Each structure stands twice: as structure tokens, then as C-alpha cells.
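> Sharing a structure with you now.
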């Protein structure tokens, strides 16, 4: 995916991304302070919102190949199981019992499969949203603070799960997180955003251990 | 008192139900899509259209009745259709009263929730049609409430249908206009009796609607 001259203007905020490249099968992280434009950038790249100007070359990817998990996921006014299989239903794919049971198991929702999803805790809702995004095997998955309400054990479990998935069948991941531990463990490449711009980018190790950008240095001081 | 339950009163009950059901169905067909469209559409003067709709939601039935009367009277623009003092005229007046109510309730619900639902649909790769289906499904509680409210309004209506229907015996006399007539004649007991039947019918309709919704949910539980 290649992004160039992406612009989006709001009343009190402007997003400007000159150039950004996302390669297939890699895990990317986006970090930065609150209000720096991470979510806006992600929504524009994922095609959820339209930019005022600029180009995104999806290189053959369609909307159906991508998905996004939001911090406060939208859950259907329905049961856990029907939320989980919803993307399959949209694609006229008959849910496979083995696959469904696997995702219920890894999210710990097997016993709650017939309960209404709105009754789940914040962490459970995020797990369900993540499983719902993974169940149809998208090519690109965007996660906007999708682990923020999960307990430490669940976060560790999903980090391992994602890394294991990557070793078997690599997908492209773009992850926004304020937990640098998530970014360090998962991401190969990191973008640092500040005030609507990508101020720095590079491999996770070098960027976070040897930051050259002043704003990034300041940001990492408190991380 | 029970002599009222003769063929004439059964005819009045049947006519009341026909008028109420037909006007509710037509208003639902018009009001639900209109409410959804009004939320999604962006055009100049939209707030004025919303304001007009809200005014119409509270419009006095006698005024609507008068407008329909003027349109359908022999010398009026639609006088040639010969609809005045018929069931059709009563349904037209009811539709003019009910449609803004249904449209307004659906618009308000959609305005509150549709952006989340549409964003979610995009993240799942839903088509435009699938997004519309999802929107209706997710707003089904509010749509149901709007229909029930419309039905209640249609059932209890007196002023408008008295003007355009004329309360003609064996022809356009419905339960509410009969109650009004009985009260004018001083036949209070019979008016109360008919009022109780009207309440029982309204209660029975609520029971049936509630049962159908529960049944629909049960059917949907098999993903």
C-alpha cells in the first residue's frame, strides 16, 4: 500500500501525510500523543473516511480485504455468536463449526455464545471484535487501541497468537497502541505521529531505542 | 348494554381495524425510508425539513382533517375523485398524521446511531445494500416503537376522520366517532363499553406484536 500527499482538514486540526508505505505481510505500529491524528490516519488508509486530497494505492486490495477494530467496537444488538459470524454472513460463507468454536475458545466466550454481546465486559467486547475481524481472514487488519481494555494475560495471549499466525500465514497489520510493550513485541516497523504529521518512522528496535526526533524523544520519556 | 354487540357494532370494529391497519402500513412504508433518508442525506435546508417534520408530528388532527377535506371536497383540486366521506379519505388523513410521527422517530434514532453502524459496516466490508439492511436491523427496536406509536395514534384518532369521514352510519362510522356520538346522545354506559372494547383491542394488538417480535428473535437465534 502506498500513500502520498494525504490531506484531511477539520476545523481545528489538519492531517498531512507526505509519503508512507505499508508492505504486505508485515506488522506496523503507529504511536503518538493523544490528538496527533493516529485514528484519523488509520481511518483514511483503511478507506473508512475519505481524504480531502492525496492518493492511496491499494495495489489490488479491495474494501473486502481489509478490516478495522476500534477501541470501542460496535457490537450488533445480537448474540455473541451472531456477532462473531457476521463478516462470514456478509460474504455468503457458511460458518464452519470448527472455526467458530476455535474463536470462541481463544476469546474465552464459549459459555457466553448465546448471550447478548452488549452484556459483555469492555475487555470481552474487544476480544469478540478482534475475533470477528480475524474470522474471515482479511489481508489487512487495522487495530486502533484494540487491546486497551483487555487484562494483561489476555493481551499477552493475543500477542503470542498474532505472532504465531504471522509465522504460519502472514497478514498485514497496522496497530495503534499507547502500550509500547505491544508495539515492541509485535511490530516490525513504527510510525511516530505528532500534530497531524508522521515525524519519524523506522524499524521498531532502532526507532524506539535510538530516537532522533525531538518530539519522539519527549514522547518516549513518559512511555 | 350488550345489545351493542350486534352486527352494526361488529361492522364498526371491523372498519376501525381496517382503517387503522391500512393507514399504519402505508405510513410505515413511507415514514421508515423517509426517516432513514433524511438522516443520511446532506442538502441545503435540511434543518428546515426536519423542523417542518417535527411540527407535523404535533399537528392538530382537526387541521389535517380540514386540509384533506378542502382537497377532497367537490370543488377542491381532488374533488373529481369522489373520495370525501369514504374510508379512503379517512386513511389519507391518517397517513398524513402518522407518517411524520414514524419518520420523526426513525430519523431521531438513526441520527443517534447510524454513523456508528455505517462505520462498522465499512470496517466489515459491507455493500451499500448490506449496510441498509444492517441499519434497519440495528434500529429495529426504534422502528417497532415508531410503528406501535403510529398504530396507537391511528386507533385513537377522532377529529380528522370525523371531518373527512363524516361519521356516516354503516359507511364511515368507527369506534372513536361512535363513542363521541354516544356521549353527545347521553348514552354514557354504551360509550364506556365501546371504550373498553377499544382498549382491549389495543392491548391485544400489543400482545400480538410482542409475541411476533419474540418469535422473530427465536428464529434468528440459529445463525
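Chains as they are written, first to last, in my numbering: chain A, 27 to 249; chain B, 92 to 314. All C-beta atoms, glycine included, are put in the ideal place defined by N, C-alpha and C. None of the values given here were measured: they were computed from a predicted structure.
1) Do you know offhand how far residue 28/A's Cα is from residue 213/B's?
2) On the three-state DSSP scale, how would you describe residue 94/A?
3) Please confirm whether residue 301/B has its beta-carbon closer than 8 Å to some beta-carbon of chain A.
4) Which same chain residues end up closer than 8 Å to residue 235/A when comparing Cβ atoms and leaving out the 5 residues on each side of it in sequence?
5) To the nearest angstrom, how far is the alpha carbon of residue 188/B from that of residue 280/B?
6) Would you grab the beta carbon distance between residue 224/A and residue 197/A for me? Rounded to a whole angstrom, and I think it's under 8 Å.
7) Please list, in chain order, all residues of the same chain as residue 277/B whose beta carbon is under 8 Å from its beta carbon, the five residues on each side excluded.
8) Classify residue 37/A: buried if its beta carbon has 16 or more other beta carbons within 10 angstroms, exposed otherwise.
9) Smallest Cα separation from residue 236/B: which of 112/B, 182/B, 137/B and 300/B?
10) Within this structure, are the beta carbons of residue 169/B and residue 162/B separated by less than 8 Å?
11) Can you tell me the Cα-Cα spacing of residue 229/A and residue 203/B, whole angstroms?
12) Apart from the five residues on each side of it in sequence, which residues of its chain come closer than 6 Å, Cβ to Cβ, to residue 196/B?
13) Can you tell me the Cα-Cα spacing of residue 177/A and residue 32/A, whole angstroms?
14) By the criterion of Cβ-Cβ separation under 7 Å, what are the contact partners of residue 217/B in chain A?
15) Determine which residues of the region 65-97 of chain A have a Cβ less than 9 Å from any Cβ of chain B, and write them out in chain order.
16) Rounded to whole angstroms, what's the CA-CA distance from residue 105/A to residue 241/A? Just pull it up for me.
17) Evaluate residue 132/B with the Cβ neighbour count: other Cβ atoms within 10 Å of its Cβ, from every protein chain shown; 16 or more gives buried, anything less gives exposed.
18) Does chain B have any CB closer than 8 Å to the CB of residue 102/A?
19) Could you list the residues in the region 210-236 of chain B with a C-beta less than 7 Å from some C-beta on chain A, going in chain order?
20) With which residues is residue 229/A paired in a DSSP beta bridge?
21) Going by alpha carbons, who is nearest to residue 173/B out of 269/B, 292/B, 256/B and 231/B?
22) Let me make sure I understand the geometry here. Which of 96/A, 136/A, 113/A and 238/A has the alpha-carbon closest to that of residue 173/A?
23) Can you find a CB in chain B that lies within less than 8 Å of the CB of residue 112/A?
24) Residue 208/B CB to nearest chain A CB: under 8 Å?
25) Roughly how many angstroms lie between the CA atoms of residue 229/B and residue 101/A, to the nearest whole one?
26) Which of the three DSSP states, helix, strand or coil, is assigned to residue 220/A?
27) Which residue wins for smallest C-alpha separation from residue 147/A, given the options 159/A, 175/A and 130/A?
28) Around the Cβ of residue 220/A, are there at least 16 other Cβ atoms within 10 angstroms (buried) or fewer (exposed)?
29) For the candidate residues 185/A, 212/A, 184/A and 204/A, whose alpha-carbon lies nearest to that of residue 65/A?
30) When the Cα of residue 122/B is compared with those of 234/B, 296/B, 298/B and 243/B, which residue comes out closest?
31) Using CA atoms only, rank isn't needed, just tell me which of 191/A, 140/A, 171/A and 185/A is closest to residue 161/A.
32) 8 Å is my cut-off, CB to CB: does residue 314/B come that close to chain A?
33) DSSP state of residue 258/B, grouped into three classes?
34) Name the DSSP bridge partner or partners of residue 316/A?
35) Mind checking whether residue 296/B and residue 103/B have CB atoms under 8 Å apart?
Checking against the coordinates, here is how it stands:
1) Cα-Cα distance, rounded: 21 Å.
2) In the structure shown, residue 94/A sits in a strand (DSSP, three-state: E or B).
3) Chain A contact via Cβ: absent.
4) Taken in chain order, the list of residues that qualify is empty.
5) Near 30 Å, if we compare the C-alpha coordinates of residue 280/B and residue 188/B.
6) With a Cβ gap of about 22 Å, residue 224/A and residue 197/A do not count as contacting.
7) Excluding residues within five positions, none has a Cβ falling inside 8 Å.
8) By the neighbour-count rule (16 or more Cβ atoms within 10 Å), residue 37/A is not buried but exposed.
9) Shortest Cα-Cα distance from residue 236/B to any of 112/B, 182/B, 137/B and 300/B involves 300/B.
10) Less than 8 Å divides the Cβ of residue 169/B from the Cβ of residue 162/B.
11) Going by the C-alpha atoms only, they are around 42 Å apart.
12) Excluding sequence neighbours, residue 196/B sits near 237.
13) Taking the straight line joining both Cα atoms gives about 36 Å.
14) Those within 7 Å of residue 217/B in chain A are 116.
15) Per Cβ criterion, the list reads 69, 72, 73, 74, 75, 88, 89, 90, 91, 92, 93, 94, 95 and 96.
16) Cα to Cα, residue 105/A sits roughly 45 Å from residue 241/A.
17) With fewer than 16 other beta carbons inside 10 angstroms of its own, residue 132/B counts as exposed.
18) It does; some Cβ of chain B falls within 8 Å.
19) Look at the region 210-236 of chain B: the residues with a C-beta under 7 Å from a C-beta of chain A are 210, 211, 213, 214, 215, 216, 217, 221 and 229.
20) Under DSSP, residue 229/A forms a beta bridge with 215/A.
21) Nearest option by C-alpha distance: 256/B.
22) Per the Cα distances, 96/A.
23) It does: the Cβ of residue 112/A has a partner Cβ on chain B nearer than 8 Å.
24) At least one chain A Cβ lies under 8 Å of residue 208/B.
25) Rounded to whole angstroms, the separation of the alpha carbons of residue 101/A and residue 229/B is 10 Å.
26) The answer is strand: DSSP assigns residue 220/A an E or B state.
27) Among 159/A, 175/A and 130/A, the Cα nearest to that of residue 147/A is on 175/A.
28) Residue 220/A is buried by the Cβ-count criterion.
29) Considering only 185/A, 212/A, 184/A and 204/A, the residue with the shortest C-alpha distance to residue 65/A is 204/A.
30) Out of 234/B, 296/B, 298/B and 243/B, 234/B has the C-alpha closest to the C-alpha of residue 122/B.
31) Of the candidates 191/A, 140/A, 171/A and 185/A, the one whose C-alpha sits nearest the C-alpha of residue 161/A is 191/A.
32) Note on residue 314/B: pLDDT 44, under 50, position unreliable in the model; the coordinate value appears next. Residue-level contact check: residue 314/B touches chain A, since one or more beta carbons of chain A fall below 8 Å from its beta carbon.
33) Residue 258/B falls in the coil class under three-state DSSP.
34) Since the first and last residues shown for chain A are 27 and 249, residue 316/A lies out of range.
35) A distance of 8 Å or more separates the beta carbons of residue 296/B and residue 103/B.
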